[in-house]
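Read through the structure below, which is laid out as structure tokens, and then see the notes.
In our numbering, the protein residues as written are 812 to 935.
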């Protein structure tokens with residue numbers, strides 16, 4: 812069963828928001844190099860404890876600030892088809908996240924946005 816594995820915080824000024832999360836939750840931030848956009852990976856705690864890690868970046872054109880969850884899937888193409896057949900749509904097409912996998916963003920029939928990720932360490 813596909814599960815939420817990652818969250819993203821979208822804000823116009825990641826550098827200004829980062830200290831808030833560091834101070835309040837003691838989260839750790841590290842800039843991700845080589846991706847398709849400016850991005851900081853967030854470590855929210857010890858890997859041995861329940862929870863997920865995330866990231867912070869600027870919203871893309873036409874996107875509002877907010878938080879998006881990403882769901883791991885076995886096949887990006889299979890789930891894109893399932894989303895479209897079920898009344899959803901792909902709002903950001905398939906893209907490579909180097910050494911992580913293949914990512915797309917979708918909207919459900921009520922316009923809630925979420926990510927789907929097919930892990931692939933060979934993605935470029």
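Even for Gly, the Cβ is constructed at its ideal location relative to N, Cα and C.
For residue 900, three-class secondary structure by DSSP: Strand, per DSSP.
Sequence-distant residues of its chain with Cβ nearer than 7 Å to residue 962 (five each side left out): The first residue shown for the chain is 812 and the last is 935, placing residue 962 beyond what the model contains.
Alpha carbon of residue 935 to alpha carbon of residue 910, nearest angstrom: 7 Å
With 16 other Cβ atoms within 10 Å as the buried cut-off, status of residue 878: exposed
Distance between beta carbons of residue 928 and residue 905, contact taken as under 8 Å: 11 Å between Cβ atoms; not a contact.
Proximity test, Cβ basis, 7 Å: residue 851 and chain B: Absent here is chain B; the protein component of the structure consists of one chain.
Extent of the continuous beta strand (DSSP E) to which residue 915 belongs: Unbroken beta strand (DSSP E) run through residue 915: 912 to 918.
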